[in-house]
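J.: Just dropping this structure here.
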Amino acid sequence: MAHSSPGMTSMKMDHAAAPGTPVAAFQHGMDSVMVVMDEGMRRMTGASPDDIDASFAAMMLPHHQGAVDMARLQLLYGKDPALRRLAQSIIAEQQVEIQQMAAWLKQHPVAAQSSK
Numbered sequence: 677m678a679h680s681s682p683g684m685t686s687m688k689m690d691h692a693a694a695p696g697t698p699v700a701a702f703q704h705g706m707d708s709v710m711v712v713m714d715e716g717m718r719r720m721t722g723a724s725p726d727d728i729d730a731s732f733a734a735m736m737l738p739h740h741q742g743a744v745d746m747a748r749l750q751l752l753y754g755k756d757p758a759l760r761r762l763a764q765s766i767i768a769e770q771q772v773e774i775q776q777m778a779a780w781l782k783q784h785p786v787a788a789q790s791s792k
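Under my numbering, think of the first position of the sequence shown as 677, with each following residue one higher.
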């Protein structure tokens, strides 16, 4: 996989798969996940860039959601049993952490409102 910039602004697979194949669907899915994740990290919804704690939580939310979405693609298209177990673990663990960070942002309205 290649990134178009060090900031991970977008991701494109190095080799394009034949259209209509599971590999092409996986590649398209991964590209889409990266675009959404990168945009969410740039927006830092719910945080001021001057608030380190809120920035961390706000950027980690789309980062973790991206990991969940990637793991779901692995479950849809991947075959390796060890990687499928890992993907299931990622989904479970990251969803808990997403809930924790979202709750933290809700409990710290001053930090969340400082970007408005």
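All C-beta atoms, glycine included, are put in the ideal place defined by N, C-alpha and C.
All of these numbers come straight from a predicted model, not from anything done at the bench.
#1: Go ahead and label Gln775 buried or exposed: buried means 16 or more other beta carbons lie within 10 angstroms of its beta carbon, across all protein chains shown.
#2: Is Gly716 helix, strand or coil by DSSP?
#3: Can Leu762 and Ala730 be called in contact, C-beta distance under 9 Å?
#4: Given a threshold of 16 other Cβ atoms within 10 Å of its Cβ, counted over all protein chains shown, does Ala788 qualify as buried or as exposed?
#5: Report the residue from Gln703, Ala743, Leu752 whose alpha carbon sits nearest the alpha carbon of Val772.
T.: In short:
#1: Numbered from 1 along the sequence shown, position 99 holds the residue referred to as residue 775. With fewer than 16 Cβ atoms within 10 Å of its Cβ, Gln775 is classed as exposed.
#2: Within the sequence shown, numbered from 1, the residue matching residue 716 stands at position 40. Per DSSP, reduced to three states, the secondary structure at Gly716 is helical.
#3: For the purposes of this step, residue 762 is taken as the residue at position 86 of the sequence shown. For the purposes of this step, residue 730 is taken as the residue at position 54 of the sequence shown. By the CB criterion at 9 Å, Leu762 and Ala730 fall outside the cutoff.
#4: Taking the first residue of the sequence shown as position 1, residue 788 is located at position 112. Its pLDDT being 47, under 50, Ala788 is placed unreliably in this model, and the coordinates cannot settle the point.
#5: One-based indexing of the sequence shown puts residue 772 at position 96. A check of alpha carbon separations from Val772 across Gln703, Ala743, Leu752 identifies Ala743 as the nearest.
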